[in-house]
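Heads up: the sequence lines are chains A and B, in that order.
Every letter in the first sequence is one number past the one before it in my numbering, and letter 102, counting from 1, is 121.
Every letter in the second sequence is one number past the one before it in my numbering, and letter 19, counting from 1, is 44.
Even glycine gets a Cβ: it sits at the ideal position worked out from N, Cα and C.
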Amino acid sequence: EAGVAQSPRYKIIEKRQSVAFWCNPISGHATLYWYQQILGQGPKLLIQFQNNGVVDDSQLPKDRFSAERLKGVDSTLKIQPAKLEDSAVYLCASSLRRVTDTQYFGPGTRLTVL
Amino acid sequence: QKEVEQNSGPLSVPEGAIASLNCTYSDRGSQSFFWYRQYSGKSPELIMFIYSNGDKEDGRFTAQLNKASQYVSLLIRDSQPSDSATYLCAVPRGGADGLTFGKGTHLIIQP
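In structure tokens, the structure reads:
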């Protein structure tokens with residue numbers, strides 16, 4: 020079974036530029052999550068999708084971050100414009116349905132904002 | 026706002042000994058608890074989850090939950106150098122399935 024795929028793996032941009040990350044979850048997984056992990060901290064949930072609907076985006080900085088999951092499969096997370104404090108690893112995870120289902124994480128995208 | 030607290034360490038344990046990792050949580054209503062392992066430069070992977078008071082064992086790992094005291098712990102028996110990693114404690118955010126993670130405890134197993 021293929022795991023969660025993410026691209027790109029690394030991205031370096033200047034502040035105020037825009038950037039987009041892509042995630043393809045495990046086939047058949049209805050729930051998709053985007054987490055932000057700053058160095059030395061645990062992952063922080065940004066947004067959760069159930070199929071193609073948003074379940075929780077309360078911690079997403081909506082003035083600069085946006086995310087979509089078209090057709091309930093893959094997803095994109097965008098930052099526009101980026102700030103220095105957005106430097107982090109962006110992790111995508113998926114699970115079958117409920118919280119007690121294991122969340123499988125992708126390899127992450129390491130973003131550096133200069 | 027649910028919070029999860031962990032000692033960031035590093036926690037240094039000799040090979041073959043028992044490593045004990047602790048986590049406290051703020052929301053008394055939390056029902057389930059997760060332990061993830063994260064190797065340096067890698068993504069987190071689930072090693073245990075527990076939702077009942079008491080102990081849950083899986084191989085060398087034992088999760089212990091005490092809801093009255095609001096703490097959950099992870100014991101690793103016969104620690105191996107390959108157990109050296111950051112261990113993240115997490116609880117569901119409530120109302121949805123996303124997780125609130127602690128900062129993690131950096132565990133070092135000394136050969």
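For residue 93(B), the number of other beta carbons within 10 angstroms of its own is below 16, and it is reported as exposed. No Cβ-Cβ contact shorter than 8 angstroms links residue 34(A) with residue 130(A). DSSP places residue 89(B) inside the beta strand (DSSP E), whose first and last residues are 86-91. If you ignore the 5 residues before and after residue 39(B), its C-beta comes within less than 8 angstroms of the C-beta of 104, 134 and 135, all in its own chain and listed in chain order. Within the segment 41-88 of chain A, the runs of beta strand (DSSP E) that reach at least 3 residues and sit entirely inside it are, in chain order, 50-56, 63-69, 72-75 and 84-87. Neighbours of residue 69(B) across chain A, judged by C-beta separation under 8 angstroms: 62, 110 and 124. In the DSSP assignment, residue 49(B) is bridged to 30(B) and 96(B). With its beta carbon at least 8 angstroms from every one in chain B, residue 47(A) lies outside the interface. Those residues of the segment 66-87 of chain A placed with their C-beta closer than 7 angstroms to a C-beta in chain B are 67, 74 and 75, ordered along the chain. Distance from residue 83(A) to residue 68(A) at the Cβ level is roughly 19 angstroms; contact not present, criterion being Cβ atoms closer than 8 angstroms. The segment 70-83 of chain B makes no contact with the segment 31-45 of chain B: fewer than 3 CB pairs, one atom from each, lie closer than 8 angstroms. Taking C-beta atoms as the reference points, residue 71(B) and residue 122(A) count as a pair closer than 8 angstroms. For residue 115(B), the uninterrupted beta strand (DSSP E) run begins and ends at 110-117, by DSSP. The Cβ atoms of residue 115(B) and residue 125(B) sit closer than 8 angstroms to each other. Residue 81(A) and residue 86(B) have their C-alpha atoms roughly 40 angstroms apart.
The three-state secondary structure of residue 133(A), taken from DSSP, is coil.
Chain-order list of chain B residues neighbouring residue 127(A): 68, by C-beta distance under 8 angstroms.
Annotation: the continuous beta strand (DSSP E) that includes residue 62(B) extends over 58-63. The criterion of a C-beta distance shorter than 8 angstroms is satisfied by residue 62(A) and residue 69(B). Within the model, the alpha-carbon separation for residue 64(A) versus residue 98(B) is close to 23 angstroms.
For residue 107(A), the enclosing beta strand (DSSP E) stretches over residues 107-114. C-alpha of residue 46(B) to C-alpha of residue 57(B): approximately 17 angstroms in a straight line. Contact between residue 125(A) and residue 24(A) holds: their C-beta atoms lie close to 6 angstroms from each other, under 8 angstroms.
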